[in-house]
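Protein chains in written order, with our numbering: chain A, 1 to 100; chain B, 1001 to 1172.
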């Protein structure tokens, strides 16, 4: 029997990995990929607690997380494509339109 | 130990793939490593008695979302020129260490109870995982379910409007 703390630890490690990627990578597509890692880490926590407490609600929430992730990917990639048209670059450091 | 072997395999591979996503120079390799992570997280869902979610994970994440990423990566023709990291990396590392320390503290200080025994309901016939999810999703969580469909519709319209550009189709 795998203890619950193992799942929580794995989830925390994966979340930190995604956080590192979001903060340090320059390529904006990779930053969006790292957000998916963080969402998946949260999903592991939801399903693990749902299994250990015998409550189905955690799995329902994973559905909503997946829905929001799909919406976020569609909008985010649309934004990336229009930014690429504007700046001819996928580099985060080049996006300074809002800078004073 | 032999009982924990599947968890160690799926969890370890998911973590390795997540790290590969962060450290690969080429965006296509990152997307492929993300595919591996999705598959292994689906394996974790099966270990946690959620086979329906594992299927949804494979269909939606690995089947739909990842293909969208691959399309954009190929469309934009991004190559690994120049430095991989952005300018604020030292600050980012400090922030990440803080966050990791906080999470490690919380995990270490928490008290995890062992798995609760399942409460048997002699009168209620036992439902499978998929039936239970359907039952709860369409009764107790009906309103969030409808809201989720509106969110998806807005995403659909927004993505079309944003990716259409100026000189594309007719200006409505």
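Quick reminder that beta carbons are idealized off the backbone N, C-alpha and C, glycines included.
The model shown is predicted, which means the values in this text are computed figures rather than measured ones.
- For residue 1085 of chain B, the three-state secondary structure derived from DSSP is strand.
- Contact between residue 82 of chain A and residue 1162 of chain B holds: their C-beta atoms lie close to 5 Å from each other, under 8 Å.
- For the options A:25, A:2 and A:70, the alpha carbon positioned closest to that of residue 1063 of chain B is the one of A:70.
- Within the region 27-80 of chain A, the complete alpha helix (DSSP H) runs of at least 4 residues fall at 28-53.
- With a cutoff of 9 Å on beta-carbon distance, residue 48 of chain A and residue 86 of chain A are scored as not near each other.
- The straight-line gap separating the alpha-carbon atoms of residue 80 of chain A and residue 1137 of chain B is approximately 34 Å.
- Taking 8 Å as the upper bound for CB-CB distance, residue 1158 of chain B and residue 78 of chain A are in contact here, some 7 Å apart.
- In this structure, DSSP gives residue 1077 of chain B a state outside helix and strand, which the three-state scheme calls coil.
- The region 33-50 of chain A makes no contact with the region 1082-1099 of chain B: fewer than 3 CB pairs, one atom from each, lie closer than 8 Å.
- Contact between residue 41 of chain A and residue 1103 of chain B is ruled out by a C-beta separation of about 10 Å, above the 8 Å threshold.
- Taking all protein chains in view, the Cβ of residue 1149 of chain B is surrounded by fewer than 16 other Cβ atoms within 10 Å, so the residue is classified as exposed.
- Sequence-distant partners of residue 27 of chain A (beyond 5 residues in either direction) whose C-beta falls short of 6 Å from its own C-beta, in its chain, are 90.
- The C-beta distance from residue 44 of chain A to residue 7 of chain A rounds to 6 Å, short enough to fall under 8 Å.
- The C-beta of residue 27 of chain A comes closer than 9 Å to at least one C-beta of chain B.
- Assignment of residue 91 of chain A by DSSP, reduced to helix, strand and coil, places it in the strand class.
- In this chain, residue 1002 of chain B is not harboured by any alpha helix (DSSP H), its DSSP state being neither H nor E.
- One Cα belongs to residue 1022 of chain B, the other to residue 16 of chain A, and the distance between them is close to 11 Å.
- At a cut-off of 4 residues, the continuous stretches assigned as alpha helix (DSSP H) that sit fully inside the region 1022-1064 of chain B are 1027-1047 and 1051-1056.
- When Cβ-Cβ separations below 9 Å define contact, residue 1103 of chain B makes contact with chain A.
- Residues of chain A with a Cβ closer than 9 Å to the Cβ of residue 1062 of chain B do not exist, since the nearest Cβ in that chain sits about 11 Å away.
- Counted as a single uninterrupted DSSP element, the stretch harbouring residue 1128 of chain B is not any alpha helix (DSSP H), since DSSP gives it neither H nor E.
- Counting of Cβ neighbours within 10 angstroms places residue 1139 of chain B among the exposed residues, the total staying below 16.
- Residues of the region 49-68 of chain A with a C-beta less than 8 Å from any C-beta of chain B: 50, 51, 52, 53, 54, 56, 57, 59, 60, 62, 63, 64, 66, 67 and 68, listed in chain order.
- Residue 12 of chain A: member of the alpha helix (DSSP H) spanning 4-24, first to last residue.
- Per DSSP, reduced to three states, the secondary structure at residue 1092 of chain B is helical.
- Taking a Cβ-Cβ threshold of 7 Å, the residues of chain A close to residue 1076 of chain B are 84 and 90, in chain order.
- Boundaries of the alpha helix (DSSP H) harbouring residue 1144 of chain B: 1142-1164, taken from the DSSP string.
- By the CB criterion at 9 Å, residue 1033 of chain B and residue 1018 of chain B fall inside the cutoff.
- For residue 1029 of chain B, the closest C-alpha among the options B:1110, B:1050, B:1069 and B:1058 is that of B:1069.
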